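Beneath this line is the structure, given in structure tokens, with notes to follow.
What follows is the structure in structure tokens.
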């Protein structure tokens, strides 16, 4: 089964966002526009779907992906990192001149 981890830079950005907004959650977008960018939302502002899968936690924040995406990625380890740029329009990393990025590795069995 795949896992989710975060780099030191990602953990630092999560801490900044939590300090500004309180507890957050992540949802890995599978859409055409945000493909490799996990979205970061205040807990309670994003409704987790009944078919979403909780992959784990990073920086104390739950990390979800859709069930269909989980089926495609279940043997993949996700590494959440930070790169220069703008986050998704509704993601809390927007406006910070840095954004979350999902990198992946096939997990060893």
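In the numbering used here, the protein residues as written are 13 to 121.
Just so it is clear, CB atoms sit at the ideal spot from N, CA and C, and this is done for glycine as well.
What you are looking at is a predicted structure, and each value in this text was computed from that prediction instead of being measured.
May I have the straight-line CA-CA distance separating residue i from residue j, to the nearest angstrom?
i: residue 37; j: residue 74; result: 5 Å
i: residue 22; j: residue 108; result: 13 Å
i: residue 118; j: residue 32; result: 34 Å
i: residue 112; j: residue 104; result: 10 Å
i: residue 78; j: residue 64; result: 4 Å
i: residue 90; j: residue 34; result: 24 Å
Just confirm the distance between the C-beta atoms of residue i and residue j, as a whole number of angstroms; I'd bet it's less than 8 Å.
i: residue 16; j: residue 68; result: 4 Å
Reducing DSSP to helix, strand and coil, say where residue i ends up.
i: residue 69; result: strand
i: residue 48; result: coil
i: residue 60; result: coil
i: residue 80; result: helix
i: residue 32; result: helix
i: residue 24; result: helix
Comparing C-alpha positions only, which one of the options sits nearest to residue i?
i: residue 66; options: 49, 53, 40, 56; result: 40
i: residue 99; options: 53, 35, 14, 34; result: 53
i: residue 76; options: 34, 58, 25; result: 58
i: residue 102; options: 90, 50, 93; result: 50
Could you check whether residue j and residue i sit closer than 7 Å to each other, using their CB atoms as the reference points?
i: residue 14; j: residue 110; result: no
i: residue 48; j: residue 88; result: no
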